[in-house]
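Okay, structure first, notes after.
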Amino acid sequence: MKIKTLEEILKKKSSKTEFAILTNLENGNSEIYLPGTSPKGEFSKYSDEIEKFFKSKKNGVIENSEIFVETYIKPIKVVIVGAVHIAQYLVDFAKSLNFEISIIDPRGYFASEQRFPDIKVINKWPKEAFEEIETNSSTALIALTHDPKIDDPALQYALKNKFYYIGALGSKKTHENRCQRLSEAGFTNDEINSIHGPIGIKLGGKSAPEIALSIIAQLVLETYKK
Amino acid sequence: MENSFDEKILDEANDWIKANQKVVLATVIQTWGSSPRQVGSRMIVNEKGDFSGSVSGGCVESAVVSECLSLIKDNKPCKKIEFKVSNESAWEVGLACGGEIAVYIEQIH
């Protein structure tokens, strides 16, 4: 691989562009491929096979050839509401697990850049903040403030936009009250029951990193279930 | 649903190159049977034999390191290496897990 190709790959990764690396295993030539375009030169006749790898989000050698295809898809987006202590550990875990984190918190003293370097922190109320984040059914929401003023509008947004994972921090009692409010706001039982509350897998830990671990473990579990 | 698979080895490769090291990139390109790392798993090796990342569960990394060092020494661009099931009673390099893998090594130049 040429250094120039490596640099281009890193640039594409940081701008969250989807692409593939095509390598001719015989001569070591490699090329970056963008979905929907035609592959260049020696790779041009494998255009259909390359698209197939993309669709199945897989890597591999094209049958009866010496061409290796490695696809890079966009990381899953995770929106955290509440720039709290647990969120700092979630950010750490998410880095190695390759989730793309955005944090929403209208409270400026929490949502400081110093507490969350390199992370998109939106210092606004959820309604306005979601205007700045592109979301879809492959987005996850982790609500951590357990303050209905902040969490509820985010949970409502996530339910309406059919996020694949929605979790909310808080005790059983807090969650019961939350469910009651969502029911009064017109959400169905199925929708309300899809919220993971109290959030996380029961590991027994009480410290901020332990709770973050239980949340991120549940997120990974639910990702592969869908 | 799948999350994107990226262990950031290429990012590290770039750091090594910036530090004026020679870097060989090793990638799992094919697997058969039960193999510990999926296709696309990566490892990097420099001219001193330092390495980062993995292509198996620790079974063949030492062999990959020596292959990478030979690649640098012979100044060859790339090579494909296959690893098969090991005989557990012998001290040899192989995959105790019973799988087979093909690893592609290439110099970043």
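Taken in sequence, the protein lines are chains A and B.
If you count by the numbering used here, then the first sequence holds residues 1373 to 1598, one letter each, in order.
If you count by the numbering used here, then the second sequence holds residues 191 to 299, one letter each, in order.
Glycine is no exception: its CB is placed at the ideal position from the N, C-alpha and C atoms.
All figures in this text were calculated on a predicted structure; none of them were measured in a lab.
Continuous beta strand (DSSP E) stretch holding A/Gln1486: start and end:
That residue, A/Gln1486, is in no beta strand (DSSP E); it is neither H nor E in DSSP.
Which two residues bound the contiguous beta strand (DSSP E) that contains B/Arg232?
Residues Arg232 to Asn236.
In whole angstroms, give me the CA-to-CA distance for A/Gln1397 and A/Lys1376.
Reading off the sequence shown, one finds Leu at residue 1397 of chain A, where the question assumed Gln. So the alpha carbons of these two residues sit roughly 18 Å apart.
Using 7 Å as the threshold, is the C-beta distance between A/Ile1573 and A/Gln1552 below it?
Not a contact, by the Cβ cut-off of 7 Å.
So what does A/Glu1472 bridge to, in DSSP terms?
Its beta-bridge partners are A/Lys1449.
Name the chain B residues that come within less than 7 Å of A/Phe1440, Cβ to Cβ?
The CB of A/Phe1440 comes closer than 7 Å to the CB of Ile219 and Tyr294 in chain B, given here in chain order.
Taking one C-beta from the region 1477-1487 of chain A and one from the region 1447-1460 of chain A each time, how about it: are there three or more such pairs within less than 8 Å?
Segments in contact, yes.
Would you list the one or two residues that DSSP bridges to B/Lys269?
Residue pairing by DSSP puts B/Lys269 in a beta bridge opposite B/Ile295.
Interface flag, A/Leu1462 vs chain B, CB-CB below 7 Å
Not an interface residue.
At the level of alpha carbons, what is the spacing between A/Val1441 and B/Ile295?
Pairing A/Val1441 with B/Ile295, the inter-Cα distance amounts to about 15 Å.
Would A/Lys1449 pass as a contact of A/Thr1389 if the rule is Cβ separation under 7 Å?
Result no, Cβ atoms of A/Lys1449 and A/Thr1389 do not sit closer than 7 Å.
Could you pull the start and end residues of the beta strand (DSSP E) that A/Lys1626 belongs to?
Chain A is shown only over 1373 to 1598; residue 1626 of chain A falls outside these bounds and no answer can be derived.
Three-state secondary structure (DSSP) of A/Tyr1536:
Coil, per DSSP.
Please confirm whether B/Ile234 has its beta-carbon closer than 7 Å to some beta-carbon of chain A.
Put simply, the CB of B/Ile234 is far from chain A, with every gap to its CB atoms at 7 Å or more.
List the DSSP bridge partners of A/Ser1402.
Per DSSP, A/Thr1395.
So that I know if they touch, is there some Cβ in chain A lying closer than 7 Å to that of B/Lys238?
Closer than 7 Å: no.
Could you check what DSSP says for B/Glu290 in three-state terms: helix, strand or coil?
B/Glu290: strand per DSSP, three-state reduction.
Members of the region 1532-1560 of chain A near chain B, C-beta cut-off 9 Å:
With the criterion set as a beta carbon lying under 9 Å from some beta carbon of chain B, the members of the region 1532-1560 of chain A are Tyr1536, in sequence order.
For B/Arg227, which option in B/Lys270, B/Lys238, B/His299 and B/Ser244 has the closest C-alpha, if you only look at C-alpha atoms?
When each option's Cα is compared against that of B/Arg227, the closest is B/Ser244.
By the criterion of Cβ-Cβ separation under 8 Å, what are the contact partners of B/Gly230 in chain A?
Result: Asn1431 and Glu1442.
Excluding the five sequence neighbours on either side, which residues of its own chain have a C-beta within less than 7 Å of the C-beta of A/Lys1412, listed in chain order?
Around A/Lys1412: Glu1403.
A/Pro1525 and A/Gly1542 look like a contact to me (Cβ under 8 Å); what is the Cβ gap, rounded to whole Å?
With a beta-carbon spacing of about 16 Å, A/Pro1525 and A/Gly1542 fall beyond the 8 Å limit used to define contacts.
Pull up the CB-CB distance for A/Phe1535 and B/Asn193, whole angstroms please, since I reckon it's below 8 Å.
For A/Phe1535 against B/Asn193, the beta-carbon gap comes to about 15 Å, at or over 8 Å, which does not count as contact.
With DSSP collapsed to three states, give me the class of A/His1518.
Coil, per DSSP.
Using DSSP with H/G/I as helix, E/B as strand and the rest coil, what is B/Leu215?
B/Leu215: strand per DSSP, three-state reduction.
Interface residues of chain D facing B/Pro267 [CB-CB closer than 8 Å]
In the structure shown, chain D cannot be found, because the protein chains are A and B.
Which first and last residues belong to the alpha helix (DSSP H) in which B/Asn255 is found?
As written in the sequence, residue 255 of chain B is Val, which differs from the Asn given in the question. B/Val255: member of the alpha helix (DSSP H) spanning Glu251 to Asp264, first to last residue.
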